[in-house]
Each structure stands twice: as C-alpha cells, then as structure tokens.
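Q:
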Amino acid sequence: DEPEETEAFMDFLDEVHRPVIEFLAKERKMVFSVENYSADNSSGYFDQYLGPQLQRRSQIAQKYGADLGVHHDGKLQPLFGRLQEVGVTYANGITAAPSGDVELEDIRAIAGDRMVLKDIIPQSIFMDSYDIGAFKEYIARAAELFRADHRVILGIGDMLPCTSDLKRLEIMVDMITKLTR
1 DEPEETEAFM DFLDEVHRPV IEFLAKERKM VFSVENYSAD NSSGYFDQYL
51 GPQLQRRSQI AQKYGADLGV HHDGKLQPLF GRLQEVGVTY ANGITAAPSG
101 DVELEDIRAI AGDRMVLKDI IPQSIFMDSY DIGAFKEYIA RAAELFRADH
151 RVILGIGDML PCTSDLKRLE IMVDMITKLT R
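Letter 160 of the sequence shown, counting from 1, is numbered 160 in my numbering, and no numbers are missing.
1) Return the CA-CA distance between residue 108 and residue 78, expressed in angstroms with no decimal places.
2) List the endpoints of the continuous alpha helix (DSSP H) containing residue 138.
3) Quick check on the DSSP output: the alpha helix (DSSP H) that includes residue 167 runs from which residue to which?
4) Could you compute how far the alpha carbon of residue 53 sits from the alpha carbon of residue 132?
5) For the beta strand (DSSP E) containing residue 99, name the first residue and the last one.
6) Which class does residue 6 belong to by DSSP, given the choice of helix, strand or coil?
7) On a Cα-Cα basis, can you pick out the residue from 30, 49 and 113 that is closest to residue 3?
8) Closest by CA to residue 115, which one among 134, 122, 121 and 94?
9) Please state if the CB of residue 171 and the CB of residue 136 are separated by a distance shorter than 8 Å.
10) What are the residues that DSSP puts in a beta bridge with residue 63?
11) Among 99, 10, 82 and 167, which residue has its Cα nearest to the Cα of residue 91?
Laid out in structure tokens, this is it:
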C-alpha cells in the first residue's frame, strides 16, 4: 500500500546489510541472509523487492568468493525455483510433502542442480500420529533419492515439533547413515 516507504525501507536494509555481508564474505565461505522465505507470503514481493535484494547480496558475497544462503520453509512453489536465478546457492529449512507442497522426488528439479539443499525431511513425520512403518519408508526413500547427490544434506525441514517422538530422530540418523554409505 505504501510503495515509496517500502522502497525507502529496502534501500535502508541494503545500506545496513552491505558492510555486514562484505565483512562476512571476506571471513567465511557462506553468507546467510536470515529471512524466512515461504512462497505463501513472499512470492508477491519477490520480483519487485526480495529477488533484487537477494541478487545484490549474492553479488557482494561472490565478489569475495562466498556463497549466499537462505532459510526457505513453508510452501515452496513457485518461489523456491527462482532463488537460483538471483544467485542463492544454499537453502535450509526446506520441507517436502506431506508438510510442504512439493513431493520429495521433485525438490531437486525445482531447486535447480547447483543449489545446496539442507533439511527436506518433513517435520510432521516425526510425530506419533504418523505411522512408524510409513516413517521408515519415507526415510529410506529420501536416503535412496539423494544418496548420490552431494549437494543435499538430509535433515529435518525447519523445526522438530515439540510433540515429536525423539526416538524417530535416532532412527532417521541410523537409517541414513546405513543407507548412504
């Protein structure tokens, strides 16, 4: 509703973040832009505000040999596939279906082949209400799908719900360790 104020605020954010991104990019190989992207609330702002901002941050990071990463959970479509276009090379918190809106098998195709993906395993399958047999099948499927993809780090998409069965976390780690060796 207030484009001038929004533009001024985005300019302010660039001004404040630029020296921080430069400093971090000189010191580290990864600069993380700590927004919480989700297609259901960020897509409408991507072309005008978020995409150009991420592209500027990515260019600064690349100037010093660093990569740019973001946190992206919630709905992935249609925003997630556009992150690579603006120079994002790492995303975490990704959540596949049934918690998210993209099937496990389709995440790599949407993300692009260059992006490093961390997390993916949907948090909802760690709850007691999700059948333990189906849980194990899901973990096995994820391990098999991404076994040869060195740009995927399997983990829990976003956060483990407080009512989760922590034994499932141990099961996941054991299964992934055995199935990906």
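We put the CB at the ideal spot given by N, CA and C, even for glycine.
A quick note: this is a predicted structure, and the numbers were derived from the prediction, not measured.
A: Looking at the coordinates:
1) 14 Å
2) It spans 132–146 - the alpha helix (DSSP H) in which residue 138 sits, taken as one unbroken run.
3) 166–179
4) 42 Å
5) Premise fails: residue 99 is in no beta strand (DSSP E) and is neither H nor E.
6) helix
7) 49
8) 94
9) Yes. Within cutoff.
10) None, per the DSSP bridge assignment.
11) 82
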